[in-house]
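Everything on this sheet refers to the single structure shown next.
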Amino acid sequence: MDTAAIDAQVRTLVAERLRLADAALDGPLDPDASLPELGIDSTGVMSLVVGVEERFDIEVPDGDITTANFGTLRGITGYVERMLVRR
Amino acid sequence: MTDTPGTLPGLLAATVERQGARPALISGDRRLAWDDVAADVGRRAAGLAARDVGPGDGVALVLPNDVEFVTTFLAAGHLGAVAVPLNPLFTVAELGRHLAGTGARGIVTTGALRPALAAWAAEAPDAPAGLWVADVADLPSGGVTPPPAATADGPALHAFSSGSTGTPKGILRTQAQLVAEADQFYDTVKLAEDDVILSVVALFHAHGLGNCLLAALRSGAAMVLVDQFRRDAVLGAIEHERVSVFPSVPFIGHTLGETRRAERADTRSLRLCFTAGAPLARATYDLFGARFGVPLRQLYGCSEAGSVTINLDGDADALAGSVGRPMKGIDLVVAGEDAAAPLAAGETGEIAFASPAAATGYVGGEPDAGRPSFAGGWYRTGDLGHLDAAGNLYVTGRSTLFISTSGYKVDPVEVEDVISGHPAVAEVVVVGARGPLGDEVVKAVVVCGPDAGDPGGLRRELVARCGGRLAAHKVPRIVEFRDELPRSPLGKILRKYLV
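So the sequence lines, in the order shown, correspond to chains A and B.
The working numbering numbers the first residue of the first sequence as 1 and each following residue consecutively.
The working numbering numbers the first residue of the second sequence as 88 and each following residue consecutively.
Okay, here's the thing in structure tokens:
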């Protein structure tokens, strides 16, 4: 799976799980926008983590739930890419 | 042995006498027996007394779910002081709003939070005069333990309920009311000293305080303290500490139900799992049950009275949507407009109850004097529901506007006040939009003023403004712009069209 395909799937997850739809953002979500600054609290992040596990068939241990990995769209896409390579 | 029935020190003394050597608190590598807890509580009480804390004085607890929360809470109770537990994730402005009017003499917090709180206490105009702020690790711990000064009728807890005016409503509960709550839960749920309670829900909140701390104190069960919901930490605690009782919120139940690797953990010790704080979706019930082989039950409670009902029915599948029956000692009715005439089974009305654990009023009086919440020994919850023929309660809605999210209640007015302070905002309404787990997410619908400019930029500014002034769970996840708000012919905003 290439970066663009992962990015598209992560965007779908964000829309489904966080109700942060593009429509509510006036256009596509900036890949570097800080999710906490968009009002995503720790429960929102956890919901996203579970969605990522299910969609990409990977396991995200507690210690990987960091701002670097789950604080932005780009962070999530990069994390998923690394996990898929490792698998 | 001290003889102080109907008080927190009396409860602690009884548990210590019965089983002082048994485990009480487990937090990471720390393990305290009930004897150790009593000794720590004595030292902490001496430390608070050295700071001039005495009967009736408020002590704010801004502490995570850890040993120090439990011992400081019980030390305040020992002195007959009033514990004021507050969310450590609050901004200092939110903490200040809650502290005003509590009469707190000091704040016990962590080393990490102390500097910001101390700066606020020194500078904020609304900070109570002379308020001290102590890192719990620095409280003096020597000295002679003062004798217990608690009385059954003395105030022990200053809790808060979301208000309809943006100001939190204060609730004072006495030592006897907290002991009554502990007794009700113990008599209803039949906890035993070999139970192990996973304490991941916030102890500063009624759910954790009642169903973890008071439940353990009364029964002598052990508490496994976990400060933040993390799946590996929770699953590891269940497996290694043989957790039997697991109070949670629907979000935690749903997330664990979705977590496939939970099947690798040995969770067979779980015997009673229940959620509170928000309605439990059937999908969450099914997921959790399939994953753990134990039904996820519902408990219903409130800050005014602690836990009120719990579903312990043998036919958990059929009654999954019910919050169960009243705890022993509680009279509960579904009331119509005439509170004196309870409605029949199946009819929907306002849930009201009488309980020896309930407060008797709000600090500073009723916000709506024309329709008091507390009257004649009854408390009207503002929640809507019905009873079935067997007396099982179903909560079906709220007559108030609070939003249930992340296990907390959010007062929309508090969020509206922050957003409407932005110069580009002409009007704002905050509502609970349906979230993916059957819970709600905070949504702001904004009408811009004439000079608003770029909506994307304004959205970021509004979210940042909320993030700077409110705890994270109150920050809107959805900000929608409209040209005008839908109103009834009488000018009332039609919130249902904004969800």
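We treat Cβ as the ideally placed atom computed from N, Cα and C, and that holds for glycine.
Residue i classed as buried or exposed, judged by whether at least 16 other C-beta atoms fall within 10 angstroms
i, result
"G508 of chain B", "exposed"
"Q262 of chain B", "buried"
"L549 of chain B", "buried"
"T492 of chain B", "buried"
"D282 of chain B", "buried"
"M1 of chain A", "exposed"
"G536 of chain B", "exposed"
"R358 of chain B", "exposed"
"D225 of chain B", "exposed"
"L581 of chain B", "exposed"
"G364 of chain B", "buried"
"L99 of chain B", "buried"
"P202 of chain B", "exposed"
"A531 of chain B", "buried"
"D153 of chain B", "buried"
"L84 of chain A", "exposed"
"R556 of chain B", "buried"
"R412 of chain B", "buried"
"V321 of chain B", "buried"
"R348 of chain B", "exposed"
Contacts around residue i, its chain only, beta-carbon distance under 7 Å, and the 5 residues preceding and following it disregarded
i, result
"M414 of chain B", "Q271, F272, T275, S394, V395, T396 and I397"
"F489 of chain B", "S249, K496, V497 and D498"
"A132 of chain B", "A162, H165, L166, T232 and P233"
"Q315 of chain B", "none"
"E155 of chain B", "V223"
"A23 of chain A", "Confidence at A23 of chain A is low in this model, with a pLDDT of 46, below 50, so its placement is unreliable and no value can be given for it."
"A444 of chain B", "Q264, A267, E268, Q271, A392 and G393"
"E81 of chain A", "T3 and I6"
"L304 of chain B", "L98, L99, T102 and A269"
The ligand COA heavy atom lying under 6 Å from the CB of residue i
i, result
"F70 of chain A", "For the ligand COA, the structure offers nothing, since it holds no ligand at all."
Cutoff 6 Å; reference residue i; Cβ partners in own chain excluding five residues on either side
i, result
"T189 of chain B", "G145, V171 and H245"
"W465 of chain B", "A439 and A441"
"L176 of chain B", "A558"
"S587 of chain B", "The displayed coordinates of chain B run from 88 to 586. Any statement about residue 587 of chain B would go beyond what the structure contains."
"V169 of chain B", "G145, P242 and H245"
"Y372 of chain B", "L383 and A407"
Own chain partners of residue i with C-beta closer than 8 Å, once the 5 adjacent residues on each side are dropped
i, result
"Y584 of chain B", "P573"
"I76 of chain A", "V10, L48, V52, N69 and F70"
"A236 of chain B", "G141, P142, H165, L166 and G167"
"V482 of chain B", "P366, Y387, V410, I438, D470, L471 and G472"
"E280 of chain B", "R105, Q106, R109, S306, G307 and A308"
"D122 of chain B", "V103, G107 and A108"
"V586 of chain B", "V518, G519, A520, R521 and K530"
"T178 of chain B", "G555, R556, L557 and A558"
CB of residue i within 7 Å of CB of residue j, strictly
i, j, result
"P499 of chain B", "V517 of chain B", "yes"
"L374 of chain B", "G401 of chain B", "no"
"E528 of chain B", "F568 of chain B", "The residue you asked about is not Glu; residue 528 of chain B is Val in the sequence shown. Against a cut-off of 7 Å, the Cβ pair of F568 of chain B and V528 of chain B comes out as no contact."
"A403 of chain B", "P429 of chain B", "no"
"D32 of chain A", "D319 of chain B", "no"
"A120 of chain B", "P110 of chain B", "yes"
"R546 of chain B", "V515 of chain B", "no"
"A432 of chain B", "A476 of chain B", "yes"
"V220 of chain B", "I194 of chain B", "yes"
"G93 of chain B", "A239 of chain B", "yes"
"V50 of chain A", "T342 of chain B", "yes"
"G257 of chain B", "V128 of chain B", "no"
"A214 of chain B", "A208 of chain B", "yes"
"T354 of chain B", "F379 of chain B", "yes"
Integer Cβ distance of residue i from residue j, believed to fall under 8 Å
i, j, result
"P227 of chain B", "A137 of chain B", "5 Å"
"R458 of chain B", "L471 of chain B", "That pair is no contact at about 15 Å."
"D119 of chain A", "V562 of chain B", "Outside the displayed span of chain A (1 to 87) sits residue 119 of chain A, for which this structure offers no information."
"V266 of chain B", "V287 of chain B", "Incorrect: roughly 25 Å between the Cβ atoms, too far for contact."
"A511 of chain B", "G540 of chain B", "7 Å"
"G408 of chain B", "V421 of chain B", "About 16 Å separates the two Cβ atoms, so there is no contact after all."
"H294 of chain B", "P334 of chain B", "6 Å"
"A302 of chain B", "I284 of chain B", "6 Å"
"R19 of chain A", "R564 of chain B", "6 Å"
"I58 of chain A", "R87 of chain A", "7 Å"
request  = Kindly provide the ranges of any alpha helix (DSSP H) runs that are 4 or more residues long and lie completely inside the stretch 26–66 of chain A, ordered along the chain.
outcome  = As for any alpha helix (DSSP H) of minimum length 4 sitting wholly inside the stretch 26–66 of chain A, the runs are 42–56, ordered along the chain.
Beta strand (DSSP E) runs contained entirely in the stretch 89–155 of chain B, provided each spans 3 or more residues = Runs of the beta strand (DSSP E) inside the stretch 89–155 of chain B: 110–114, 117–120 and 145–149.
query = Hey, which unbroken runs of the beta strand (DSSP E) at 3 residues or more fall wholly within the stretch 192–252 of chain B?
reply = The stretch 192–252 of chain B contains these whole beta strand (DSSP E) runs: 219–222 and 242–248.
Secondary structure, beta strand (DSSP E): runs of 3+ residues fully inside the stretch 484–540 of chain B = 490–492, 495–497, 512–521 and 527–535, all fully within the stretch 484–540 of chain B.
key: alpha helix (DSSP H) runs contained entirely in the stretch 341–369 of chain B, provided each spans 4 or more residues   = Fully enclosed alpha helix (DSSP H) runs of 4 or longer: not present.
key: Start-end ranges of the beta strand (DSSP E) lying completely within the stretch 434–492 of chain B, minimum 3 residues   = For the stretch 434–492 of chain B, whole beta strand (DSSP E) runs of length 3 or above, ordered along the chain, are 436–441, 465–474, 480–485 and 490–492.
ask   = Mind pulling the alpha helix (DSSP H) runs of 4 or more residues that sit fully within the stretch 278–341 of chain B?
value = Correct list: 302–306 and 318–328.
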